[in-house]
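Working notes, beginning with the structure itself.
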Amino acid sequence: MAEPIDLQQDQQRFVGQLGDGKLQGPARIEQAGAPLARFHYQDGQLHGPATLLHPGGQPSAQLHYQRGQLHGAAQYWSPEGALQRQAHYRHGLPHGETRTLFPNGQAAELAVYRNGLKHGLQQRYHPNGALAERQNFIEGKPLGPPERFTDDGRPLNADGKPMARWRWWWQKMMG
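Residue numbers are given in numbering that gives the first Met the number 0: position 144 of the sequence shown equals residue 143, and the series is strictly consecutive.
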């Protein structure tokens, strides 16, 4: 039989249930009466959906746990409500595509992970949407140096200097 648990320290309060001495079922955390988090426990471990909230009550993160580890889709929001990041986890490690966004919703970074390591193409963008950098990885190791670009698309050399506009235009024209 579940036994209610209600712990308070200063302005923070944890409300949940104990079953066989372990946290079980829904739980929540409050700060001065305002909700900060809602989640579920199974056999003393986080298991199922979890929602973290900003102090104003807006979502901060929507996560999913399996046996105490992040597992599945995760989304993160700014205090203003803008989506900041989308990721996927498997057994507590990033796995699959991860998107980081600028406040305007445009992509800031796209990366692919396999078992917690970058694997595949990683791309970063300028705030105007132009590609800033791309690099390929295999099992966390870069396959070469990153290719970097100015916000108008011109390649940068190893010293970080942009290709002359006329040369860039000519290369684009000549294919």
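Positions of the beta carbon are idealized from the N, C-alpha and C atoms, including for glycine.
Q170 burial status per 10 Å Cβ neighbour count (16 or more: buried): Residue numbering aside, residue 170 sits at position 171 when the sequence shown is read from its first letter. When all chains shown are included, Q170 counts as exposed.
Alpha carbon of L116 to alpha carbon of E96, nearest angstrom: By one-based count along the sequence shown, residue 116 stands at place 117. By one-based count along the sequence shown, residue 96 stands at place 97. If I take the Cα positions, the gap works out to 11 Å.
Using 8 Å for Cβ pairs, my map puts A33 next to P54. What's the rounded Cβ distance? Residue numbering aside, residue 33 sits at position 34 when the sequence shown is read from its first letter. Residue numbering aside, residue 54 sits at position 55 when the sequence shown is read from its first letter. About 7 Å separates the two Cβ atoms, so the contact holds.
E108 versus E79 - alpha carbon distance: Reading the sequence shown from its first residue, position 109 is the one you call residue 108. Reading the sequence shown from its first residue, position 80 is the one you call residue 79. Rounded to the nearest angstrom, the two C-alpha atoms are 20 Å apart.
Could you check the C-alpha separation between F148 and D9 for me, to the nearest Å? Residue 148 sits at position 149 when you count from the first residue of the sequence shown. Residue 9 sits at position 10 when you count from the first residue of the sequence shown. Each residue's alpha carbon lies about 51 Å from the other.
By Cβ distance, which residues of its chain are closer than 8 Å to G159, with the 5 residues on each side in sequence left out? Along the sequence shown, read from residue 1 onward, the residue named residue 159 stands at position 160. Here the set comprises R147.
Residue burial classification, P93 (beta-carbon count within 10 angstroms, cutoff 16): Here residue 93 corresponds to residue number 94 of the sequence shown, with the count starting at 1. Result: buried.
From the DSSP output, which residues share a beta bridge with E146? Here residue 146 refers to the residue found at position 147 of the sequence shown. For E146, which the question treats as bridged, DSSP gives the partners R133.
Can you give me the Cβ contacts of Q74 inside the same chain, cut-off strictly under 6 Å, excluding the 5 residues immediately before and after it? Numbered from 1 along the sequence shown, position 75 holds the residue referred to as residue 74. Contacts found: Q61 and Q85.
According to DSSP, is R153 part of a helix, a strand, or is it coil? Walking along the sequence shown from the start, residue 153 turns up at place 154. Coil, per DSSP.
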